[in-house]
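Just below is one structure, and these are the notes that go with it.
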Ligand code: FES
Ligand code: FES
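Chains as they are written, first to last, in the working numbering: chain A, -8 to 147; chain G, 46 to 797.
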């Protein structure tokens, strides 16, 4: 099997994986990047959300073959120190309960704010609709996105 | 004053910890256990000195505190830490929280029944205070002064005469050599001096969560680890008839294919029969599983259909059955009544669907086994794995990871037993990964149920007579080969413990056949029993043209404490708390009602299609009231607002209580609007989030949580928010539309 070249969080990697292996399992099992989580394996819950060339994708249903010559960004690439305005807003609102869905939530929120810095309530709901939080942190996620939007606006 | 020298046996006698299984482990065999726990959890060796089972202090002034309860989002890890740290009096930044291994010395680790705080509040305070006293003794010894001359505060001990100070880190070694103080001689803080208890301290794992740095059950890694995915027989007690694994074995990465043992009767936490595919990565294991060709012998449960079963339960409750509680003579009561109302309700089977499905790793070596699991109950894993492997519990070492949600599912040890079985069979460390399909189809289900209610009211709307019957498969079916009927603890959840004034009362119960594993799910039988109860109360209020809040006030009646044994001859378990400590108090129901009526104007004139509903329920010794506002237009139901008022006694972390209430409202909405598991021909029909739907952001209403703080003993928090949501919602829909929906979920009737 030819090795697959990947760029993840601005670092290059080479993995020995079948092209149909979903990015989720390449990240988790082959590269030991465990921040991206498995929730359904069918593109239904958003736990596994990462960015592929800046777009949010469900890594559990996206074969790694597609990601050649593309840039992948995972939760580990947002800001290791937790200093990104979204992470700060998440902390200030004490958003997580169990935390399991939150990598995916943050990746979806990040992509929303990158494309739409001042989202309306409906924009937020639409962008986050694919991310399930079984613990029920939606009200705080919504608030955190609004706070992050404000923080990013005043920063720029 | 000098601390009394106690030997260990005296200490146990005085402290009463012996009885509860809790033990201060200073300078005993426990020290070894603790050291190994610490090693497992921290990379840096700070050689912390062990002051007791929960407290160790490093010379670097780092405070190592054990959290012995499982963290699944409910906040116990933070809460337990707050309690110990407050009495110990340390700086929050210096604390390292270490997850305790499975160990009976901690007391029960079964993180279930909303018990973490209510069962451990006093003991954790004592642990903190005891360690603080040992630090003071050490300082007194060092300065050669009387204990009264020193005082510990903010992580230093001060000599009150000379003003000299020593940090906890300086004193740790000497403190560890001090005798364990008599718990009766400890002074606990005054509430006004609390610095963490009662404060909205941020969750201890917050930084790791937002950077993707957490370790859940699925995240455990170790050299040589294989991942197993198991196909389980779709019908319980069925088994593999024939297996062709040739295609599966050809998939790159697949290492082994192993048949699971035959399912036991009762099933308890034993593995289900099926076939496991072991591979070097999860994807290969999944593909290997798909490639298996299996013929099943589905067994005797393949005739089971939940639709028929629920219809049968609905028939059962129409007729008299076993009486489990009684007061006066209901027939005579009905004969006297001015109005008699009856109604039947039903709630389907449900499944937990925690965001992280069950996950466990096991490594069997000789007669020992080490396990890493996202588990609510490491002690259950120890016990049942020891049984499975034919070894003893002291040979089973259980690490608890973070849990990606649990809701009762992860109190069952089955997935760790699967991992242990496969590790033994393969000779390798094995991580069992449950897919979402596995989780939804092979869980421990919340039982479907039917309930019948009948009430006779007098001229003033007072209750003269009350008859109720319920039927569902008992949780006990999972643990006993024989149907022993619905158990007292199940009936004690909003059925045998009613808070209303009624002259005559009779409660009956009849169990139903179990053809799936029956388990407990967040708030357990309160789910169906609260739905029927509070829907019915609303029906009674409407029949009298009285607003439900006013009707509630009337039927609560005089301020009193209710003892279900005296009142209804019902042996009430009270969530394993003495009634003396946690009474059923009408005044606390009233306070919740008052709070909701302050926050919500129930008499407000609403636009057509809108309505408020209310329900107030006591469970896990806490009182929660929910008021829900809905709008129904053209068959579309939208939940607009939810107000939730909770009295859970002393609040340790108001922010985590609030977040648990938000989460409970959302969990309740999921089950009330969409939650339903169907069983056809013995197998679960639903398989993933497309057909077992849970609430999403667009369906989430505005949620307002109101805490009613008081000095009562802490009550449960994780579960009690769930039960009142569904009835308050159905009542709101009635107020909005005049339609009474008595079967959940509501998407049966309306788009949601
Ligand atoms: S795990 Fe990918 S969407 Fe659920
Ligand atoms: S925080 Fe637990 S699933 Fe979202």
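Note that the Cβ used here is the ideal one computed from N, Cα and C, for glycine as well. Here the structure is a predicted model, which is why all the values come from computation and not from measurement.
*Could you check where the beta strand (DSSP E) with residue 663 of chain G kicks off and where it finishes?*
In the second chain, the residue the question calls residue 663 of chain G occupies position 618. Residues 655 to 664.
*How is residue 406 of chain G classed by DSSP in three states: helix, strand or coil?*
Working through the second chain from its first residue, we reach residue 406 of chain G at position 361. Residue 406 of chain G: strand per DSSP, three-state reduction.
*Which runs of the alpha helix (DSSP H) fall wholly inside the segment 680 to 744 of chain G and span at least 4 residues, in chain order?*
Counting only runs of 4 or more, we get 699 to 718.
*Could you tell me which chain A residues have their CB closer than 9 angstroms to the CB of residue 399 of chain G, listed as they occur along the chain?*
Counting from 1 along the second chain, the entry for residue 399 of chain G is found at position 354. Going along chain A in sequence order, the residues near residue 399 of chain G (Cβ under 9 angstroms) are 89, 91, 125 and 126.
_Based on DSSP bridge pairs, tell me the residues matched to residue 512 of chain G._
Taking the first residue of the second chain as 1, we reach residue 512 of chain G at position 467. According to the DSSP secondary-structure assignment, residue 512 of chain G is paired through a beta bridge with G:499 and G:551.
*asked:* Here's the rule: buried if 16 or more other CB atoms are within 10 angstroms of the residue's CB, otherwise exposed. What is residue 28 of chain G?
replied: Given that chain G is displayed from residue 46 to residue 797, the structure contains no residue 28 of chain G and the question cannot be resolved.
*Three or more beta-carbon pairs under 8 angstroms between the segment 269 to 287 of chain G and the segment 337 to 348 of chain G, yes or no?*
Short answer: they touch.
_Spatial distance of residue 300 of chain G from residue 478 of chain G (CA atoms)_ = Within the second chain, numbered from 1, the residue matching residue 300 of chain G stands at position 255. Within the second chain, numbered from 1, the residue matching residue 478 of chain G stands at position 433. Approximately 16 angstroms, taken between the alpha carbons.
*Considering only residues of the segment 242 to 315 of chain G, which uninterrupted alpha helix (DSSP H) runs meet the minimum length of 4 residues and lie entirely inside it, listed in chain order?*
Secondary structure within the segment 242 to 315 of chain G: the alpha helix (DSSP H) runs of 4 or more consecutive residues, fully enclosed, are 251 to 256 and 291 to 295 (chain order).
*How would the residue list near ligand 1 read, in chain order, if you kept each one whose beta-carbon is closer than 6 angstroms to any heavy atom?*
Near ligand 1, residues with a Cβ at less than 6 angstroms from any of the ligand's heavy atoms are A:29, A:30, A:31, A:32, A:34, A:35, A:36, A:37, A:38, A:39, A:49 and A:51; the list follows chain order.
_Three-state secondary structure assigned by DSSP to residue 321 of chain G_ = For the purposes of this step, residue 321 of chain G is taken as the residue at position 276 of the second chain. Residue state, collapsed to three classes: strand.
_Counting only beta-carbon separations shorter than 8 angstroms, does residue 66 of chain A have a partner in chain G?_
Here residue 66 of chain A is taken as the residue at index 75 of the first chain, counted from 1. Closer than 8 angstroms: yes.
_Rounded C-alpha distance that separates residue 94 of chain G from residue 224 of chain G_ = Working through the second chain from its first residue, we reach residue 94 of chain G at position 49. Working through the second chain from its first residue, we reach residue 224 of chain G at position 179. One C-alpha to the other measures close to 14 angstroms.
*What do you reckon, are the CB atoms on residue 633 of chain G and residue 601 of chain G nearer than 8 angstroms?*
To locate residue 633 of chain G, count along the second chain from 1; it is residue 588. To locate residue 601 of chain G, count along the second chain from 1; it is residue 556. Going by C-beta atoms, residue 633 of chain G is not nearer than 8 angstroms to residue 601 of chain G.
*Write down every uninterrupted run of the alpha helix (DSSP H) in the segment 392 to 447 of chain G whose length is 4 residues or greater and which is fully enclosed by it, in chain order.*
Runs found: 423 to 434.
*Hey, is the segment 215 to 235 of chain G in contact with the segment 677 to 686 of chain G, meaning 3+ C-beta pairs nearer than 8 angstroms?*
No: the two stretches stay apart, fewer than three of their Cβ pairs being nearer than 8 angstroms.
_Tell me the rounded alpha-carbon separation between residue 183 of chain G and residue 193 of chain G._
The sequence position of residue 183 of chain G within the second chain is 138, counting from 1. The sequence position of residue 193 of chain G within the second chain is 148, counting from 1. Their backbone Cα atoms lie some 12 angstroms apart in a straight line.
*Secondary structure at residue 749 of chain G, three-state DSSP: helix, strand or coil?*
Start at 1 with the first residue of the second chain, and residue 749 of chain G comes out as number 704. In the structure shown, residue 749 of chain G sits in a strand (DSSP, three-state: E or B).
_For residue 71 of chain A, count the other beta carbons within 10 Å of its own beta carbon; 16 or more makes it buried, fewer makes it exposed. Which is it?_
What you label residue 71 of chain A is simply residue 80 of the first chain in a count that begins at 1. Under this definition residue 71 of chain A is an exposed residue.
*Is it true that the segment 727 to 735 of chain G meets the segment 97 to 113 of chain A, where meeting means three or more beta-carbon pairs spaced less than 8 angstroms apart?*
Too few Cβ pairs lie closer than 8 angstroms, so no.
*Does any residue of chain A bring its CB to less than 8 angstroms from the CB of residue 250 of chain G?*
Your numbering for residue 250 of chain G matches position 205 in the second chain. Cβ-Cβ to chain A under 8 angstroms: yes for residue 250 of chain G.
*asked:* Against chain A, does residue 771 of chain G count as a neighbour if the rule is that its beta carbon must be under 8 angstroms from one of theirs?
replied: Position 726 of the second chain holds residue 771 of chain G. At a cut-off of 8 angstroms between C-beta atoms, residue 771 of chain G does not count as an interface residue with respect to chain A.
*Kindly examine ligand 3 and report whether one of its heavy atoms sits closer than 7 angstroms to the Cβ of residue 124 of chain A.*
For the structure depicted, ligand 3 is absent and the ligand set comprises only ligand 1 and ligand 2.
*Measure how close the beta-carbons of residue 588 of chain G and residue 496 of chain G come, nearest whole angstrom, since I'm counting them as under 8 angstroms.*
Here residue 588 of chain G refers to the residue found at position 543 of the second chain. Here residue 496 of chain G refers to the residue found at position 451 of the second chain. In fact, because the Cβ distance is near 18 angstroms, the residues do not count as touching under 8 angstroms.
*Cβ-Cβ distance between residue 677 of chain G and residue 771 of chain G below 8 angstroms*: By one-based count along the second chain, residue 677 of chain G stands at place 632. By one-based count along the second chain, residue 771 of chain G stands at place 726. Note that the C-beta distance between residue 677 of chain G and residue 771 of chain G is not below 8 angstroms.
*Would you report the Cα separation of residue 421 of chain G and residue 575 of chain G, rounded to the nearest angstrom?*
By one-based count along the second chain, residue 421 of chain G stands at place 376. By one-based count along the second chain, residue 575 of chain G stands at place 530. The straight-line gap from Cα to Cα measures roughly 25 angstroms.
*Using 7 angstroms as the cut-off, classify the Cβ of residue 128 of chain A as near or not near the heavy atoms of ligand 2, replying yes or no.*
Residue 128 of chain A sits at position 137 when you count from the first residue of the first chain. Between ligand 2 and residue 128 of chain A, a heavy atom-to-CB distance of less than 7 angstroms is present.
_Within chain D, the residues that residue 78 of chain A reaches when beta carbons sit closer than 8 angstroms_ = In summary, chain D is missing from the structure at hand, where the protein chains are A and G.
*Output the residue ranges of the beta strand (DSSP E) runs that lie fully inside the segment -1 to 83 of chain A and measure 3 residues or longer, sorted by chain position.*
Listed in chain order, the complete beta strand (DSSP E) runs (minimum 3 residues) inside the segment -1 to 83 of chain A are 2 to 6, 40 to 43, 46 to 49 and 62 to 64.
_Is residue 129 of chain A close to chain G? Criterion is C-beta to C-beta, closer than 8 angstroms._
Start at 1 with the first residue of the first chain, and residue 129 of chain A comes out as number 138. So yes, residue 129 of chain A belongs to the interface.
*Give the straight-line distance between the Cα atoms of residue 40 of chain A and residue 783 of chain G, rounded to the nearest whole angstrom.*
Position 49 of the first chain, counted from the first residue, corresponds to residue 40 of chain A. Position 738 of the second chain, counted from the first residue, corresponds to residue 783 of chain G. CA-to-CA, the gap between residue 40 of chain A and residue 783 of chain G works out to about 43 angstroms.
_Within chain A, the residues that residue 448 of chain G reaches when beta carbons sit closer than 9 angstroms_ = Along the second chain, read from residue 1 onward, the residue named residue 448 of chain G stands at position 403. Result: 89 and 91.
*Is the segment 238 to 253 of chain G in contact with the segment 4 to 19 of chain A, if contact means three or more CB pairs nearer than 8 angstroms?*
Verdict: no, contact absent.
*Anyone know if the C-beta pair for residue 617 of chain G and residue 542 of chain G falls short of 8 angstroms?*
As a working note, residue 617 of chain G is residue 572 in the second chain. As a working note, residue 542 of chain G is residue 497 in the second chain. For residue 617 of chain G and residue 542 of chain G, yes; Cβs fall inside 8 angstroms.
*For residue 82 of chain G, does the three-state DSSP call read helix, strand or coil?*
Indexing the second chain from 1 puts residue 82 of chain G at position 37. Summary for residue 82 of chain G: the model assigns pLDDT 40, below 50, so the residue's position carries little reliability, and this model does not support an answer.
*Closer than 8 angstroms to chain G by CB, residue 0 of chain A*: Along the first chain, read from residue 1 onward, the residue named residue 0 of chain A stands at position 9. With 8 angstroms as the cut-off, residue 0 of chain A does not count as an interface residue toward chain G.
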